[in-house]
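From first to last, the protein sequence lines stand for chains R and H.
My numbering puts the first sequence at residues 164 to 277.
My numbering puts the second sequence at residues 47 to 162.
Note that beta-carbon positions come from the ideal geometry of N, C-alpha and C, so glycine has one too.
Quick caveat, the model's predicted, so the values are computed rather than measured.
Down below is the structure, laid out as structure tokens.
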Amino acid sequence: KNQVEQSPQSLIILEGKNCTLQCNYTVSPFSNLRWYKQDTGRGPVSLTIMTFSENTKSNGRYTATLDADTKQSSLHITASQLSDSASYICVVSSFPGGSYIPTFGRGTSLIVHP
Amino acid sequence: DGGITQSPKYLFRKEGQNVTLSCEQNLNHDAMYWYRQDPGQGLRLIYYSQIVNDFQKGDIAEGYSVSREKKESFPLTVTSAQKNPTAFYLCASSIISGRGDTGELFFGEGSRLTVL
Numbered sequence: 164k165n166q167v168e169q170s171p172q173s174l175i176i177l178e179g180k181n182c183t184l185q186c187n188y189t190v191s192p193f194s195n196l197r198w199y200k201q202d203t204g205r206g207p208v209s210l211t212i213m214t215f216s217e218n219t220k221s222n223g224r225y226t227a228t229l230d231a232d233t234k235q236s237s238l239h240i241t242a243s244q245l246s247d248s249a250s251y252i253c254v255v256s257s258f259p260g261g262s263y264i265p266t267f268g269r270g271t272s273l274i275v276h277p
Numbered sequence: 047d048g049g050i051t052q053s054p055k056y057l058f059r060k061e062g063q064n065v066t067l068s069c070e071q072n073l074n075h076d077a078m079y080w081y082r083q084d085p086g087q088g089l090r091l092i093y094y095s096q097i098v099n100d101f102q103k104g105d106i107a108e109g110y111s112v113s114r115e116k117k118e119s120f121p122l123t124v125t126s127a128q129k130n131p132t133a134f135y136l137c138a139s140s141i142i143s144g145r146g147d148t149g150e151l152f153f154g155e156g157s158r159l160t161v162l
């Protein structure tokens, strides 16, 4: 069964600090991995996508890494801001044939305090 | 602006009543989806549709129904048969694979249903 595990479940940091969120997966066949940001009471929005051949990808203060051998990904947030407070969801997609099938993690809830 | 519009944002329902959540998209996407989100859980797929007049059950379809009469619209009805309907419902759309698609889901703003 395809699974995506995220850690920590929740995280509280001070504004300006860095943090790293983790995602481990057992999804086969692997196609890509996305990190979504979901503000409270809103829909998720894609931050970044990683394919098998990519190790690192940045989107502003967000940097995602992927180790396809160990099936792990991380999302690093640099110089956190209050607006970074949200849930971050790791989604790993397989493509067995015809269409993408996403498997969702439960998300990491990040709270940034002033 | 192109996007997905869900309505209503908040909805209260008495037990035994059916309610319909609206989802409209102007992204010209072929595929549309309904997900349910509960606290501490990942998104769970209720129904999805890849073409007009066709839809498939997801992992938790019991107590729900959908229709896809137009490409732009994919309403979800929460019936009285759904035993625990209080949740946050998310509609999403995507391009059909094989046309430059990477599997990205575009989500609406969600509808929060509370059963009184």
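Return the bridge partner residues of residue i from the DSSP annotation.
{"i": "residue 180 of chain H", "result": "Nothing can be reported for residue 180 of chain H: it is not among the residues displayed for chain H, which extend from 47 to 162."}
{"i": "residue 177 of chain R", "result": "R:276"}
{"i": "residue 118 of chain R", "result": "Beyond the ends of chain R as shown, which are 164 and 277, falls residue 118 of chain R; an answer cannot be given."}
{"i": "residue 139 of chain H", "result": "H:78 and H:152"}
{"i": "residue 201 of chain R", "result": "R:250"}
Under a CB-based cut-off of 8 Å, is residue i close to chain H?
{"i": "residue 267 of chain R", "result": "yes"}
{"i": "residue 195 of chain R", "result": "yes"}
{"i": "residue 221 of chain R", "result": "no"}
{"i": "residue 251 of chain R", "result": "no"}
{"i": "residue 209 of chain R", "result": "yes"}
{"i": "residue 225 of chain R", "result": "no"}
{"i": "residue 188 of chain R", "result": "no"}
{"i": "residue 274 of chain R", "result": "no"}
{"i": "residue 176 of chain R", "result": "no"}
Beta-carbon separation of residue i and residue j under 8 Å?
{"i": "residue 158 of chain H", "j": "residue 120 of chain H", "result": "no"}
{"i": "residue 237 of chain R", "j": "residue 185 of chain R", "result": "yes"}
{"i": "residue 155 of chain H", "j": "residue 140 of chain H", "result": "no"}
{"i": "residue 200 of chain R", "j": "residue 251 of chain R", "result": "yes"}
{"i": "residue 178 of chain R", "j": "residue 276 of chain R", "result": "yes"}
{"i": "residue 206 of chain R", "j": "residue 136 of chain H", "result": "yes"}
So is residue i in contact with chain R if we call contact Cβ pairs under 8 Å?
{"i": "residue 87 of chain H", "result": "yes"}
{"i": "residue 120 of chain H", "result": "no"}
{"i": "residue 151 of chain H", "result": "yes"}
{"i": "residue 51 of chain H", "result": "no"}
{"i": "residue 159 of chain H", "result": "no"}
{"i": "residue 136 of chain H", "result": "yes"}
{"i": "residue 148 of chain H", "result": "yes"}
Per DSSP, what kind of secondary structure is residue i in: helix, strand or coil?
{"i": "residue 230 of chain R", "result": "strand"}
{"i": "residue 238 of chain R", "result": "strand"}
{"i": "residue 245 of chain R", "result": "helix"}
{"i": "residue 70 of chain H", "result": "strand"}
{"i": "residue 265 of chain R", "result": "strand"}
{"i": "residue 89 of chain H", "result": "coil"}
{"i": "residue 50 of chain H", "result": "strand"}
{"i": "residue 126 of chain H", "result": "coil"}
{"i": "residue 134 of chain H", "result": "strand"}
{"i": "residue 164 of chain R", "result": "coil"}
{"i": "residue 59 of chain H", "result": "strand"}
{"i": "residue 65 of chain H", "result": "strand"}
Would you grab the beta carbon distance between residue i and residue j for me? Rounded to a whole angstrom, and I think it's under 8 Å.
{"i": "residue 227 of chain R", "j": "residue 211 of chain R", "result": "5 Å"}
{"i": "residue 172 of chain R", "j": "residue 241 of chain R", "result": "So it is not a contact: roughly 22 Å between Cβ atoms."}
{"i": "residue 194 of chain R", "j": "residue 258 of chain R", "result": "4 Å"}
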